[in-house]
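Undergrad: One rule links them: number in the numbering used here = place in the sequence shown (from 1) + 1190.
Idealized CB from N, CA, C, for every residue including glycine.
Before we start, here is the structure in question, set down as structure tokens.
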Amino acid sequence: MTMQTVIVRTGNEEYALPVESVISIEKLEYVTPIPHLPTYLLGLMKSRGELVPILDLSQILYHQATPRDIESHVVVVKTDQLEVGLLVLDAKEILELPEDRLTSTALKAYSKTPYFVTVANLEDRVVTVIDPNIMTDSLHGMDEISSYMKEQQQSN
1191 MTMQTVIVRT
1201 GNEEYALPVE
1211 SVISIEKLEY
1221 VTPIPHLPTY
1231 LLGLMKSRGE
1241 LVPILDLSQI
1251 LYHQATPRDI
1261 ESHVVVVKTD
1271 QLEVGLLVLD
1281 AKEILELPED
1291 RLTSTALKAY
1301 SKTPYFVTVA
1311 NLEDRVVTVI
1321 DPNIMTDSLH
1331 GMDEISSYMK
1341 EQQQSN
């Protein structure tokens, strides 16, 4: 068995998102800022005709903003609550992670990152797998964002 993932880069690290949660990978377009949002939430961006909240993955993981340039990508993922876009430096490949290369023992002990579900120990690199559902559920303020997005969809 293998786990199909999309590899994204933020900071100097690579992370993997399960391919079944990824809707699209897009170039960063204009993000409409919204006042009084948590620092990880940049605002809203139009994706396939819908407004999607844009979360800065580097801000979530490292408390540092992702540089916004022509290389920046948004990976739109679906969660149980809503669709969100993750701003990353790059999203460049789909990678199959062999099950015998996955380990999670070290991660489960660390409560600040419950969304790190497993680590792939590959020959040439180590890649941490992020569960977008657990990540959005663990972020302070996401409930309000989810409610706001549902209200916006109902009023259209």
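On a CA-only basis, which of T1303, M1235, E1286 is nearest Y1220? Give me that one, please.
TA: For this step, residue 1220 is matched to residue 30 along the sequence shown. Nearest of T1303, M1235, E1286 to Y1220, Cα basis: M1235.
Undergrad: Between the stretch 1260-1273 and the stretch 1285-1294, do at least 3 Cβ pairs fall closer than 8 Å?
TA: Judged by pairs of C-beta atoms under 8 Å, the stretch 1260-1273 does not touch the stretch 1285-1294, as fewer than three such pairs exist.
Undergrad: Bridge partners for P1193 per DSSP, in chain order?
TA: Translated into positions along the sequence shown, residue 1193 becomes position 3. Inspection of the sequence shows that residue 1193 is occupied by Met rather than by Pro. M1193 is bridged to L1287.
Undergrad: Could you check the C-alpha separation between G1233 and H1226 for me, to the nearest Å?
TA: Position 43 of the sequence shown, counted from the start, is the residue given in the question as residue 1233. Position 36 of the sequence shown, counted from the start, is the residue given in the question as residue 1226. Going by the C-alpha atoms only, they are around 10 Å apart.
Undergrad: What's the gap between the Cα of H1330 and the Cα of A1310?
TA: Locating residue 1330 in the sequence shown gives position 140, counting from the first residue. Locating residue 1310 in the sequence shown gives position 120, counting from the first residue. Whole-angstrom Cα-Cα distance: 28 Å.
Undergrad: Using DSSP bridges, identify the partner residues of R1171.
TA: Here the chain comprises residues numbered 1191 to 1346, so residue 1171 is not present and cannot be evaluated.
Undergrad: Apart from the five residues on each side of it in sequence, which residues of its chain come closer than 7 Å, Cβ to Cβ, to R1315?
TA: Locating residue 1315 in the sequence shown gives position 125, where the first residue counts as 1. Only E1204 meet the Cβ criterion.
Undergrad: Does the beta-carbon distance from L1207 to V1265 come in below 8 Å?
TA: To locate residue 1207, count along the sequence shown from 1; it is residue 17. To locate residue 1265, count along the sequence shown from 1; it is residue 75. Their beta carbons are under 8 Å apart, which means L1207 touches V1265 by this criterion.
Undergrad: Round the Cβ separation of T1269 and P1304 to the nearest angstrom and send it over; I've been treating them as touching at under 8 Å.
TA: Along the sequence shown, read from residue 1 onward, the residue named residue 1269 stands at position 79. Along the sequence shown, read from residue 1 onward, the residue named residue 1304 stands at position 114. The beta carbons of T1269 and P1304 sit about 14 Å from each other, so the pair does not count as a contact at 8 Å.
Undergrad: According to DSSP, simplified to helix, strand and coil, what is A1228?
TA: The sequence position of residue 1228 within the sequence shown is 38, counting from 1. Reading the sequence as shown, one finds Pro at residue 1228 and not Ala. P1228: coil per DSSP, three-state reduction.
Undergrad: Which whole-angstrom value is the C-beta distance of S1262 and L1245, which I expect to be below 8 Å?
TA: Reading the sequence shown from its first residue, position 72 is the one you call residue 1262. Reading the sequence shown from its first residue, position 55 is the one you call residue 1245. Their Cβ separation, rounded to whole angstroms, is 13 Å, which puts S1262 and L1245 out of contact at 8 Å.
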